[in-house]
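Asks:
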Amino acid sequence: MQGNRWLVAGALALVMSFVGCDCGETPPGNTDDGGVISGRDGGNGEPDGGGTTPDGGDGTVLDGGPGSQCVAAGALCSRDKGAQCCTGVCGEDGHCPEPNPLCRSAGESCTSGIECCTNVCEGGKCGSSQCLDIGGSCSTPEQCCTKTCTSGQCAQIPSDTTSVCKVVGQACSVDGDCCSTNCQAGICARAYSCQGYNDICTRNAECCGNACSANADGGVGRCQFVTGGGGGGCIQDGNPCSSGSTCCSRTCVDLGYGATVCQPVSGCKLTGNFCTQDSDCCGGGPNPNGSVKCVGGRCDNGQSCNGVGNICGAGKLPDGGVTDINASQNCCDGKKAVCHVDSSGVPRCFGSAGIDGGLGACPSGYTGEPGCCMPEGNTCQFSDQCCNDALCLPAGDGTGRLSCQKPTCAPVGTLCNQGGVTCCPGTQCLPNTELTSACQVPPSTSDGGTPSTDGGTTADAGTGGPTCQANGATCTGGAQCCSGTCSGGTCQQPTVCEPQNGACTSGSDCCQGLRCDIPSGTTTGTCQPGATCSSSGQACSTANPCCSGLACTSSTGAACNGTSACACRVIIN
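So the sequence shown is residues 999 to 1571, counted in my numbering.
#1: When we look at the beta-carbon of N1042 and count the other beta-carbons within 10 Å, is it buried (16 or more) or exposed?
#2: Would you say the beta carbon of S1240 is closer than 7 Å to some non-hydrogen atom of the ligand COA?
#3: State buried or exposed for S1450, treating a residue as buried only when at least 16 other CB atoms are found within 10 Å of its CB.
#4: With a cut-off of 8 Å on the beta carbons, I'd call L1389 and V1494 a contact; round off their distance for me.
#5: With DSSP collapsed to three states, give me the class of A1477.
#6: Per DSSP, what kind of secondary structure is P1139 in: helix, strand or coil?
#7: Might you give, ordered along the chain, the residues of its own chain that have their beta carbon closer than 7 Å to the beta carbon of S1289, omitting 5 neighbours on each side?
#8: Please report the straight-line C-alpha distance between R1077 and D1395, rounded to a whole angstrom.
#9: Considering only their Cβ atoms, is the gap separating C1250 from N1271 smaller than 8 Å?
#10: For T1488, does the three-state DSSP call read helix, strand or coil?
#11: Is it buried or exposed for D1215, if we count other Cβ within 10 angstroms and need 16 for buried?
#12: Here's the rule: buried if 16 or more other CB atoms are within 10 angstroms of the residue's CB, otherwise exposed. What is L1433?
#13: Cβ of I1198 less than 8 Å from any chain C Cβ?
#14: In the structure shown, what three-state DSSP assignment does C1385 receive?
#15: Using the C-alpha atoms, what's the distance from Y1364 back to S1485?
#16: Counting pairs of beta carbons, one from the segment 1130 to 1145 and one from the segment 1162 to 1169, are three or more of them closer than 8 Å?
#17: List the residues that DSSP assigns as beta-bridge partners of P1527.
#18: DSSP has A1073 in a bridge; who is on the other side?
#19: Contact check, N1117 vs S1243 under 8 Å by CB: the rounded distance?
#20: Where do the ends of the beta strand (DSSP E) carrying V1170 lie?
#21: Return yes when the Cβ of Q1261 is within less than 8 Å of the Cβ of C1532, no when it is not.
#22: For V1172, count neighbouring Cβ atoms within 10 angstroms of its own Cβ and tell me buried if that reaches 16, exposed if not.
#23: According to DSSP, is I1323 part of a helix, a strand, or is it coil?
#24: Indicate whether E1579 and C1509 have their beta-carbon atoms separated by less than 8 Å.
#25: For S1401, report the span of its beta strand (DSSP E) as first-last.
#26: Going along the chain, which unbroken runs of the alpha helix (DSSP H) with 4 or more residues stay wholly within the segment 1263 to 1306?
#27: Tell me which same chain residues have a C-beta within less than 8 Å of the C-beta of A1153, skipping the five on either side of it?
#28: Whether or not the segment 1334 to 1345 and the segment 1310 to 1325 are in contact is what I'm after, with contact meaning three or more pairs of Cβ atoms, one per stretch, closer than 8 Å; do they touch?
#29: Short check: CB of H1093 to CB of A1070, under 8 Å?
#30: Under three-state DSSP, which class holds E1113?
#31: Count the other CB atoms, across all protein chains shown, that sit within 10 Å of the CB of T1406; report buried if there are 16 or more and exposed otherwise.
#32: By how many angstroms is the C-alpha of A1189 removed from the C-alpha of D1197?
#33: Can you list, in chain order, the residues of its chain whose CB lies under 6 Å from that of C1303, leaving out five sequence neighbours each side?
#34: What did DSSP end up calling E1204 once you bin it into helix, strand or coil?
#35: Name the residue from C1199, P1517, D1278 and S1362 whose alpha carbon lies nearest to the alpha carbon of Q1383.
#36: Just to confirm, is the Cβ distance from Q1200 to C1210 under 8 Å?
In structure tokens:
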């Protein structure tokens, strides 16, 4: 496995199952395989009567609750009290983050309130007032968190016959009140960009499992936990979880929004996860061991062995240890010898030399190391298999396959003053010395006007020296380099990543500050601005921290200090 994709051994944050499985021929996926599973009990609490006036303290945090005004990006906030952020969640630094992949901010275009952080869409724009809880006065269903207005009052979802968990926007006291398991400032907040099981929905595509009881019939329903179709009964990616043993990815982690969810993985889809066609699935379509089918919108088990890219038990860690999960070790190509933990913390089958007709001897599988990696353009299942840090992205040739690819644009730190160099979107060709220019992230103007001192055309204190060194220049520390990485006395280019508008299958494909925006009902998307923190496998630095529960480390497992490329890695006990 390549150095910049290694995971570190440590403590906390990742909730995984440590129940080993020597069951040989049993494919991945839980045994339950039929029906719809009911949700948690909760209850319909009344709104807390919050408003838009200060809370009586220092006047910096507004009162919250259903119906209150949201507060803009940059404002002080608390996950325990006060007003809800217009961007959906309160950042770990106590400030409302910039727009992020969870939901659309006040003023953004929308077609449904479920797309909005305030859960209100009126006149094609997301509202600035939070939705109203049950019992609140309403004139339209859209004003209500339940999207149900009866006789001038917000009412429970029509399909509810028993007390169930509360949907996003409703008042809450503890995390367990909410379907999202994420109670922030007295309101149920999102845990991920899709709606979790039993949360409110109007169509399949809004749900992490792509199953809504309403299904675009004009009504309102709840996201369903659908089993069957040969995919077992595991919890699909993005849904709230308390233990990795129940997740399709067998990995449960907080991605920075305040609640743990089943870890989404890059590349092909694991058994039990949402799919649109056979080729989406690990072991389906053009992928090796192509017996896996997309049945009823879920990847099934295929044959008795685990296809390349699928989960496996006893995944090997970079330090030689093993992480046991409740899944078979029987990888179709290479058996248990090719079961390794990938960059997102999920044990997966890395395939063997038989994939490309037997070229090379790779007893440990396609780990990304020279001689045992997928060349650029070759079919792949996930990025860890690719040569030279390339990414595993949609090939775009109509086959539905994924292939190893590198961006065609120039990364941060590339000299660009000679022409013929196209800096990646989100960066610009800016002067880095008196005579040269390099691709750089534009300087911040968050103070209202003056860019940061390290982003102009001259160095700090007016010395006329370089603002940053281009890739290949000598250095003594990462702060001297445009890329932020100084290794062996030389500025190095950052880890390969997809720029703005580049294709992606998960956030780990995208460059720092970008998130993977996957449209509802699809399995791939594009990298767009708005990430509040770096996700599993994504590049990070001291200035761009990882999401909660992840560590920003070098390939050796050391804390990132700018002397080598760093990535966010799951901390495994």
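Just so it is clear, CB atoms sit at the ideal spot from N, CA and C, and this is done for glycine as well.
Replies: Let me lay it out:
#1: Here residue 1042 is taken as the residue at index 44 of the sequence shown, counted from 1. Summary for N1042: the model assigns pLDDT 38, below 50, so the residue's position carries little reliability; its value from the coordinates is reported in the next sentence. Burial call: buried.
#2: The ligand COA is not among the ligands present in this structure, which contains no ligands whatsoever.
#3: In the sequence shown, the residue the question calls residue 1450 occupies position 452. Bear in mind that the predicted position of S1450 carries a pLDDT of just 33, short of 50, making it too unreliable to give a figure here.
#4: For the purposes of this step, residue 1389 is taken as the residue at position 391 of the sequence shown. For the purposes of this step, residue 1494 is taken as the residue at position 496 of the sequence shown. About 6 Å separates the two Cβ atoms, so the contact holds.
#5: Working through the sequence shown from its first residue, we reach residue 1477 at position 479. Here A1477 sits in helix by DSSP.
#6: Residue mapping note: residue 1139 aligns to position 141 of the sequence shown, counting from 1. P1139: helix per DSSP, three-state reduction.
#7: Within the sequence shown, the letter at position 291 stands for residue 1289. Result list for S1289: G1281, G1300 and Q1301, in chain order.
#8: To locate residue 1077, count along the sequence shown from 1; it is residue 79. To locate residue 1395, count along the sequence shown from 1; it is residue 397. Rounded to the nearest angstrom, the two C-alpha atoms are 45 Å apart.
#9: Position 273 of the sequence shown holds residue 1271. Position 252 of the sequence shown holds residue 1250. Their beta carbons are not under 8 Å apart, which means N1271 does not touch C1250 by this criterion.
#10: The sequence position of residue 1488 within the sequence shown is 490, counting from 1. Strand at T1488.
#11: Indexing the sequence shown from 1 puts residue 1215 at position 217. Answer is exposed; the Cβ neighbour count stays below 16.
#12: As a working note, residue 1433 is residue 435 in the sequence shown. By the neighbour-count rule (16 or more Cβ atoms within 10 Å), L1433 is not buried but exposed.
#13: Of the protein chains in the structure, only one exists, and it is not chain C.
#14: Counting from one through the sequence shown, the residue named residue 1385 turns up at place 387. DSSP places C1385 in helix when its eight states are reduced to three.
#15: As a working mapping, residue 1485 is identified with position 487 in the sequence shown. As a working mapping, residue 1364 is identified with position 366 in the sequence shown. Using only the alpha carbons, I get a separation of about 26 Å.
#16: yes
#17: On the sequence shown, residue 1527 is found 529 positions in, with the first residue counted as 1. In the DSSP output, where bridge partners are listed per residue, P1527 has L1512.
#18: In the sequence shown, counting from the first residue as 1, residue 1073 sits at position 75. Per DSSP, none; premise fails for A1073.
#19: One-based indexing of the sequence shown puts residue 1117 at position 119. One-based indexing of the sequence shown puts residue 1243 at position 245. Contact doesn't hold; Cβ gap of about 32 Å is too wide.
#20: One-based indexing of the sequence shown puts residue 1170 at position 172. With the sequence shown as reference, residue 1170 is identified as Cys, and Val is not the correct amino acid for it. Note, C1170: premise wrong, no beta strand (DSSP E); not H, not E.
#21: As a working note, residue 1532 is residue 534 in the sequence shown. As a working note, residue 1261 is residue 263 in the sequence shown. Reading off the sequence shown, one finds Ser at residue 1532, where the question assumed Cys. Cβ distance not < 8 Å, so S1532 and Q1261 don't count as in contact.
#22: Position 174 of the sequence shown, counting from 1, holds the residue named residue 1172. With fewer than 16 other Cβ atoms within 10 Å, it is exposed.
#23: To locate residue 1323, count along the sequence shown from 1; it is residue 325. In this structure, I1323 counts as coil in the three-state DSSP scheme.
#24: With the chain represented from 999 up to 1571, any question about residue 1579 goes unanswered, as that position is not in the structure.
#25: Indexing the sequence shown from 1 puts residue 1401 at position 403. Its beta strand (DSSP E) spans residues L1400 to Q1403.
#26: none
#27: Taking the first residue of the sequence shown as 1, we reach residue 1153 at position 155. Once the five neighbours on either side are set aside, the close Cβ partners of A1153 are I1132, C1142, T1144, T1146 and C1147.
#28: yes
#29: Translated into the one-based positions of the sequence shown, residue 1093 becomes position 95. Translated into the one-based positions of the sequence shown, residue 1070 becomes position 72. No, the Cβ-Cβ distance between H1093 and A1070 is not below 8 Å.
#30: As a first step, residue 1113 must be located in the sequence shown, where it is residue number 115. In this structure, E1113 counts as helix in the three-state DSSP scheme.
#31: As a first step, residue 1406 is located in the sequence shown; it is residue number 408 there, counting from the start. With fewer than 16 other Cβ atoms within 10 Å, it is exposed.
#32: Your numbering for residue 1197 matches position 199 in the sequence shown. Your numbering for residue 1189 matches position 191 in the sequence shown. In a straight line, the C-alpha of D1197 is about 11 Å away from that of A1189.
#33: Along the sequence shown, read from residue 1 onward, the residue named residue 1303 stands at position 305. Cβ within range, chain order: N1328 and C1330.
#34: Along the sequence shown, read from residue 1 onward, the residue named residue 1204 stands at position 206. The answer is helix: DSSP assigns E1204 an H, G or I state.
#35: Stepping through the sequence shown from its first residue, residue 1383 is reached at position 385. Q1383 has its Cα closest to that of S1362, out of C1199, P1517, D1278 and S1362.
#36: Translated into positions along the sequence shown, residue 1200 becomes position 202. Translated into positions along the sequence shown, residue 1210 becomes position 212. A small fix is needed here, since residue 1200 is Thr in this sequence, not Gln. Their beta carbons are under 8 Å apart, which means T1200 touches C1210 by this criterion.
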